[in-house]
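Residue numbers (our numbering), protein chains in the order written: chain F, 1 to 250; chain C, 251 to 341.
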């Protein structure tokens, strides 16, 4: 049940058609796993916390560096040298103390992926390495968990949603980690923040059932000239992750 | 015949222009067009092609809003437009 205080906080978003108290209760009851909470995942987490998602499980290792601060909005200058996950938890709690934040000071790995995905209703992939993304995808498909996929480079980004047994998966889009991808990439915080907010909205749609998620479609945008492209992702029949999944009457 | 590309991600940066055109013989398929593009723009070669000169499976190829397998056998036509994206994972 929503408390009167919660109804007062979330009133304006509960006016959105299809949300109401029922939709807000779904958000309160939901658990979302966010893999990496930097420039992109930080905005996903911030918007989901503001919207009243009940529990956020956040996996992010390392200490805050000066080079984080231009885009990772949950990190602060006074926290340089201290654990990122503590800054994340502190900032989210300041924004919305009603949200339970489970901070994991680790990145997604073979050792933790099964347990972390198992705790979530929805997974949001925001990692800067393909190896982590593909691992999270494999486990999300195995556990039949929806995964919102967000990625950016320079002034461009793309976003899609994978629904196990109903759509292609990340390994259909990227069958292997490309060798040319570098851990450090050109980025403005406003770009990762833009796609982060879109990823948060996509997650809210999945939880509440409003709107049409980007299932099977890749939305790409270049903020340099505001070029937008929406394309259909093809399912690879030889996909090593989802080829054996049940696609119904397809 | 002429085929136009729309380049996204690191491909656009490597080529230096967003929408190059290539000249192809009739009957060419998407992989042929990508190989010609790589010839025209040497900085694209290592991203688009493997050591054997074949199109890397990681390259995302779209025609008319639909993703193609890199080795799709449907012939291109005059004025066809292919969109190429290199995988991105910035977070």
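Backbone N, C-alpha and C define an ideal beta-carbon position, used for all residues, glycine too.
| request: Would you please verify whether the beta carbon of residue 39 (chain F) is less than 8 Å from any beta carbon of chain C? | output: Taking CB atoms only, residue 39 (chain F) has a neighbour in chain C less than 8 Å away.
| task | Taking residue 228 (chain F) as the reference, give the member of C:257, C:267, C:253 with the closest Cα. | result | In terms of CA proximity to residue 228 (chain F), C:257 leads the group C:257, C:267, C:253.
| Between the segment 286 to 299 of chain C and chain F, which residues of the former have a C-beta closer than 8 Å to a C-beta of the latter? | Flagged, chain order: 296, 297.
| task | Spatial neighbours of residue 24 (chain F) within its chain, please: CB distance less than 7 Å, with the 5 preceding and 5 following residues excluded, ordered by chain position. | result | These residues qualify, in order along the chain: 2, 10, 14, 52.
| query | Under the three-state reduction of DSSP, which class applies to residue 257 (chain C): helix, strand or coil? | reply | In this structure, residue 257 (chain C) counts as strand in the three-state DSSP scheme.
| Whose CA, out of F:81, F:201, F:226, lies closest to the CA of residue 214 (chain F)? | Relative to the Cα of residue 214 (chain F), the nearest Cα in the group F:81, F:201, F:226 belongs to F:201.
| is_contact[residue 17 (chain F), chain C] using C-beta, thresh 8 Å | No, because no Cβ of chain C sits closer than 8 Å to the Cβ of residue 17 (chain F).
| At a Cβ threshold of 8 Å, is residue 340 (chain C) touching chain F? | At a cut-off of 8 Å between C-beta atoms, residue 340 (chain C) counts as an interface residue with respect to chain F.
| Would you say residue 34 (chain F) and residue 124 (chain F) are within 8 Å of each other, going by their C-beta atoms? | Going by C-beta atoms, residue 34 (chain F) is nearer than 8 Å to residue 124 (chain F).
| request: Can you have a look at residue 259 (chain C) and say buried or exposed, based on whether 16 or more other CB atoms are within 10 angstroms of its CB? | output: With 16 or more other Cβ atoms within 10 Å, it is buried.
| query | From F:232, F:155, F:210, pick the residue whose C-alpha is nearest to that of residue 216 (chain F); which is it? | reply | Comparing Cα positions, the closest option is F:232.
| query | Is there a Cβ from chain C that is less than 8 Å from the Cβ of residue 47 (chain F)? | reply | Not an interface residue.
| field | Under 8 Å (Cβ pairs) to chain F, residues found in the segment 308 to 333 of chain C | value | Along the segment 308 to 333 of chain C, the positions whose C-beta sits under 8 Å from a C-beta of chain F are 308, 310, 312, 315, 316, 317, 318, 319, 333, read in chain order.
| query | Would you say the segment 84 to 91 of chain F touches the segment 63 to 75 of chain F, given that touching needs at least three Cβ pairs under 8 Å? | reply | Touching, yes, given that three or more Cβ pairs across the two stretches are closer than 8 Å.
| request: Could you tell me whether any Cβ in chain F is nearer than 8 Å to the Cβ of residue 336 (chain C)? | output: It does; some Cβ of chain F falls within 8 Å.
| query | For a contact meaning CB atoms closer than 7 Å, what does residue 187 (chain F) contact in chain C? | reply | Per Cβ cutoff of 7 Å: 340.
| query | Under a three-way DSSP split, which group does residue 175 (chain F) fall into? | reply | Three-state result, residue 175 (chain F): coil.
| message | Using a Cβ-Cβ cutoff of less than 8 Å, which residues in the same chain neighbour residue 290 (chain C) once the five nearest sequence positions on both sides are dropped? | response | Excluding positions up to five away in sequence, the list reads 270, 272.
| query | Between the segment 124 to 135 of chain F and chain C, which residues of the former have CB atoms less than 9 Å from a CB of the latter, in chain order? | reply | Per Cβ criterion, the list reads 125, 126, 127, 128, 129, 130, 132, 133.
| Using the C-alpha atoms, what's the distance from residue 82 (chain F) back to residue 64 (chain F)? | Going by the C-alpha atoms only, they are around 6 Å apart.
| message | Give me the residue from F:156, F:108, F:155 with the minimum Cα distance to residue 137 (chain F). | response | Residue nearest to residue 137 (chain F) within the set F:156, F:108, F:155 is F:108 (criterion: CA-CA distance).
| said: Taking 8 Å as the threshold (C-beta atoms), are residue 189 (chain F) and residue 39 (chain F) in contact? | reply: Between residue 39 (chain F) and residue 189 (chain F), the gap from beta carbon to beta carbon is short of 8 Å.
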